[in-house]
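Chemist: Numbering of the sequence shown is given in this note's numbering, commencing with residue 506 and proceeding in unit increments.
The structure's right below; bear with me while I get my questions together.
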Amino acid sequence: MAGPGRVGRGRADAEQGINERLLFASPAVDDSNAAAASPDTQPIGRPSSLDDLLAARRYPRSDALDTPSGDKPWLETRWQNLRQLIGGDLRGPFARAIALELDRGVAFLFAPVFLGAGATVYFSLDHEPVFAQLIAGSAFLAVIALVSRSRLGLHLAAMAALFLVLGILAGKVETWRMPGNVLGAQVSTRVTGRIISVEPMASGRTRLTLDVLDTERPKLRYQPERVRLSALAIPTEIRAGSIVSGYARLMPPAGPVRPGGYDFSFESYFSGIGATGFFMGKPKLEPLEKMPASPSTRLSVAIETARETIADRIRVSIGGPEGEIAAALIVGVRAGIPDSVNEAMRRTGIYHIISISGLHMALVAGTVMFLLRGAFALFPAFSARRPVKKYAAFAALCSIFAYLAISGVVVAAERSFIMLSVMLIAVLFDRAALSMRNLAISAMIVILTAPHEVVGPSFQMSFAATAALIGAYAAWAQRREFMPAPAPLARSFTGFLAHKSLIAVAGMAATSIIAGLATALFAVWHFQRVSPLSLFANLAVMPVVSFVMLAAVLSAIAMPFGADGPFLYAMGKGLTVMMVIADWISQRSPVDGVGLVSTQSVLFIAVALVIGAMATTWLRLLALPFVLAGLTAMGNVETPDVLISEDARLIALPVGDNELAVSRARPNPFTLDNWRRALNVETTVLPEDVSSDVALTVENALDMPLGTPFLCTRQLCFARHTSGAVVVTTARLDAARSACGVAALIVIDDATAPDPCNDPAVLVITKQDLARVGSAAVRFDSSADKPANILFAIDAKDRPWHVQREFTREARGLPPRLEKAPKSKPANSNRTTQSDIQITGKSNSGDL
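So this is what it looks like as structure tokens:
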């Protein structure tokens, strides 16, 4: 943590006699006194090569080649060290390496690892843990850690267990803090709410996030506190803080589209979104005096208004997709970016550019510090008497805080803000800022404040890339310090520029490769896609992005004075170049879908990443077995034979030749795209209507060729899998009963339907089953006399983000409600036109 590579001044510090590892290492022993000591205190045997290397690190002014290794080259010496470790007793070298790692403070770096593991355990449980048990366990482990400080092994084990339990407790506390009012069933009602954000979408609609103030016709007894609705048209006067009302269709947050997929209800729960939907007409503005806002609401509305104002100014000044990307880079509003542009950036691996993260924060802080230091340099008398570096650091800290607030507090931006804040605060107090320690501190703060982010792709990929870059730089810096410095070469000015340019290109390539390798498996696990040409795309666009961000910072500084036009113009031109490059590479990129990978492989690679990034000695080699295990286990996953949506309306199964057969002529695009990437297929086969062909019926489905796609009659659709199993979907109980003799799987789009077959060899799934436990994946057994195996997306129905599913009409086996069109209500009436209805996850009654 504090060794070479944790900071960027390794060789310069060595020349000044400064070595940050001495901050954590034990005091050096005086060899002369050791020689005069009694024989009982003399070391046994000759010092190891590791001790020699440690001695060279503790005395940075001495030449590393003067160690007992002699004048042998660095690589040969390290190879001999490794052979000694492999051929001899590992206990001594291993113990010394562990002790050295602990002296360097590496144990602190594992605190966020165990915190994150605890949070992951909490969100993976199938039941809610009890507060009292977690608090008691934390107290017990804290006492053990405190009393066992003299026994290092027990102390470290107790601390690891303590942080694990604290991670579970942090997840429990965050869940307890959430409002919890989640809509349990679809309903149409009149919604009145205060606008929190207004996001124009690329489709032409506008997405509104509302704090619900009231509902009526029907009135929801436990109404959601916040909803997200889209509208085809809105009044031009609408801004954040406005109060609107309108008749809307509210829907509960959807579950995963397949088992193991992204859980929208989980993310909505922790975002405070209790329902989604759309306005069924143009919402109407209501007077603000009707319901005054609280001070906290006024503050958030003021920030959101500033974001909208800046975003509108950017869109007007730049225009087109470039304006939407510029708004995303400056204020974090991404809803208006066209889908084609998003897809091109995803295929080329540069989508991270529009996500405000370390690059953007560092450029903002660096630009502010550079400008202020340059301005102070114009007044040498003042600069000589005042700590102008601290002034610049404080201004940079304020600037990135404002940037974080104005751009939306997302995980990557929050992590980058915390890291840079620690570094800048260290400058203010004349302390050294250590990069890996900063990363650990930022990870702990994010985990303790928002534990649910640990299981999301943003947290995992962001911290994985940063840790890998810091660890790789540490290894490279350590290697350079132990190698003899090459003699400087005399170069011409042209040769000097070419040399520096080559170093810059190599640095960008190494950064892209390291970050790409660190995040590749996480991207495949979450999104089932990779970017084969991401290296070339990042090398091509990063110089352009640096120019764009510099223009963005200058435009933000000049915007209050109305002088941002030239900088926004330059920013737009740079974004045009970036889009052209991304589109050109995207068109030439191979297929990026790779299918499913096993969870075991992700865990192995995560362990390897932790060891490789945090270790500072030869213990880095311990990451290699985990890397090999992860690569070996990557394909250890069972691909489903059939996928079923949670509403029982869409079924898909592979039919060979890289084709996916679906049961509906107009399948949901998002669900279909997710299934195609999971199954790694490209072509979609739509169902064929065979109502007029009396020879094609479900009774003779077993006579059809293997891999026959869906054929649909007026009552049902049926297909034959490549294994020979027949799949049937219908909304009619009598049609399902007619397929019991031939089908291996029957899906009934009716929550009131019982099992019509009563045959253990036939798997029957009803709408009620899917409403309770979500979408399903089915695998057919190779033995024809065994039923198919099924896996549902939700295996813990009593978790707070899923409990509302139990109260839907479908989950209770009731038919859908036929809703009547709302009647107009007199303006002077305060009564609702229907009875109060209870529709939330907290309800155990109601009829919706």
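We put the CB at the ideal spot given by N, CA and C, even for glycine.
#1: Is Ser1280 near the ligand HEM, in the sense that its beta carbon is under 7 Å from a heavy atom of that ligand?
#2: Per DSSP, which residues does Thr1234 bridge with? Please list them.
#3: Who are the near neighbours of Ser702 in its chain, counting only those whose CB is closer than 7 Å to its CB and skipping five residues on each side?
#4: Distance, Cα to Cα, Ser750 vs His632?
#5: Between the Cα of Arg1169 and those of Ala1153, Val1160, Asn1179, spot the shortest distance and give me the residue it belongs to.
#6: If you drop the 5 nearest sequence neighbours on each side, which residues of the same chain put their C-beta closer than 6 Å to that of Glu829?
#7: Mind checking whether Thr853 and Ala1087 have CB atoms under 8 Å apart?
#8: Distance check for Leu630 and Thr1104, CA to CA, integer angstroms please.
#9: Identify which residue in Leu659, Met928, Ser940, Val914 has its Cα closest to the Cα of Ala901.
#10: With C-beta atoms as the reference, is Val960 less than 8 Å away from Thr625?
#11: Got a sec? Which residues, its chain only, sit under 8 Å from Arg878 by beta carbon, not counting five neighbours each side?
#12: Residues in its own chain within less than 6 Å of Gln728 by CB, not counting five upstream and five downstream?
#13: Out of Pro1095, Met664, Val1269, Leu605, which has the shortest C-alpha to C-alpha gap to Val618?
#14: Should the stretch 806-821 be regarded as contacting the stretch 910-922, the criterion being three or more beta carbon pairs within less than 8 Å?
#15: How about Ile1270: is its C-beta nearer than 8 Å to some C-beta of chain C?
#16: Suppose contacts are defined by Cβ-Cβ distances below 8 Å. Is Thr1122 in contact with Leu605 by that definition?
#17: Pick helix, strand or coil for Arg1034, following the three-state DSSP scheme.
#18: Report the rounded CA-to-CA distance for Thr572 versus Arg984, giving the unit in angstroms.
#19: Helix, strand or coil: which one does DSSP assign to Asn1356?
#20: Looking at Met924 and Leu944, is the spacing between their C-beta atoms short of 8 Å?
#21: Can you tell which of Leu1022, Ala666, Ser921, Met1013 has its C-alpha closest to the C-alpha of Ala867?
#22: With a Cβ-Cβ cutoff of 8 Å, do Phe783 and Ala753 count as a contact?
#23: For the alpha helix (DSSP H) holding Thr853, just list the boundary residues, first then last.
#24: Using 8 Å as the threshold, is the C-beta distance between Ala1164 and Val1186 below it?
#25: Let me know the beta strand (DSSP E) ranges lying completely inside the stretch 773-819, each 3 residues or longer, listed in chain order.
#26: What is the DSSP secondary structure of Arg984, counted as helix, strand or coil?
#27: Drop a sphere of 10 angstroms on the beta-carbon of His1004, count the other beta-carbons inside from all chains shown, and report buried for 16 or more, exposed for fewer.
#28: Under three-state DSSP, which class holds Pro758?
#29: Just reading off the alpha helix (DSSP H) that Glu1204 is part of, what are its end residues?
#30: Quick check on Leu1268: does DSSP put it in helix, strand or coil?
#31: Starting from Ser750, follow its DSSP beta bridges and name the residues at the other end.
#32: Is the stretch 1240-1249 close to the stretch 1216-1230, with three or more CB pairs under 8 Å?
#33: Could you say if the stretch 768-779 and the stretch 816-827 meet the contact criterion of at least three C-beta pairs nearer than 8 Å?
#34: Within the same chain, show all residues whose beta-carbon is closer than 6 Å to that of Ala1166, passing over the 5 residues directly before and after it, in chain order.
#35: Can you give me the Cβ contacts of Ser967 inside the same chain, cut-off strictly under 7 Å, excluding the 5 residues immediately before and after it?
#36: Under the three-state reduction of DSSP, which class applies to Ile1018: helix, strand or coil?
Modeler: In brief:
#1: Ligands displayed in this structure: none; no statement on the ligand HEM is therefore possible.
#2: Cys1222, Val1252
#3: Thr714, Ala745, Glu809
#4: 38 Å
#5: Ala1153
#6: Gly841, Ile842
#7: yes
#8: 16 Å
#9: When only C-alpha atoms are compared, the closest one is Met928.
#10: yes
#11: Val893, Lys894, Ala897
#12: Val717, Thr720
#13: Met664
#14: yes
#15: No chain C is present in this structure, which holds just one protein chain.
#16: yes
#17: strand
#18: Any answer about Thr572 is weak, because its pLDDT of 39 lies below 50 and its placement is not dependable; what the coordinates show is given next. Take the alpha-carbon of Thr572 and the one of Arg984: they are about 16 Å apart.
#19: As shown, the chain starts at 506 and ends at 1353. That puts residue 1356 outside it, with no answer to give.
#20: Their beta carbons are under 8 Å apart, which means Leu944 touches Met924 by this criterion.
#21: Ser921
#22: yes
#23: 844-853
#24: Correcting the residue identity first, residue 1164 is Glu in this sequence and not Ala. Contact flag set, yes.
#25: Those beta strand (DSSP E) runs which fall completely within the stretch 773-819 and span 3+ residues are 780-784, 789-791.
#26: helix
#27: Exposed, by the Cβ-count rule.
#28: coil
#29: For Glu1204, no alpha helix (DSSP H) run applies, since DSSP gives it neither H nor E.
#30: strand
#31: Beta-bridge pairing links Ser750 to Thr697, Lys789.
#32: yes
#33: no
#34: Leu1158, Val1160, Val1190, Pro1214, Phe1215, Ala1224
#35: Ser862, Val916, Ala917, Arg920
#36: helix
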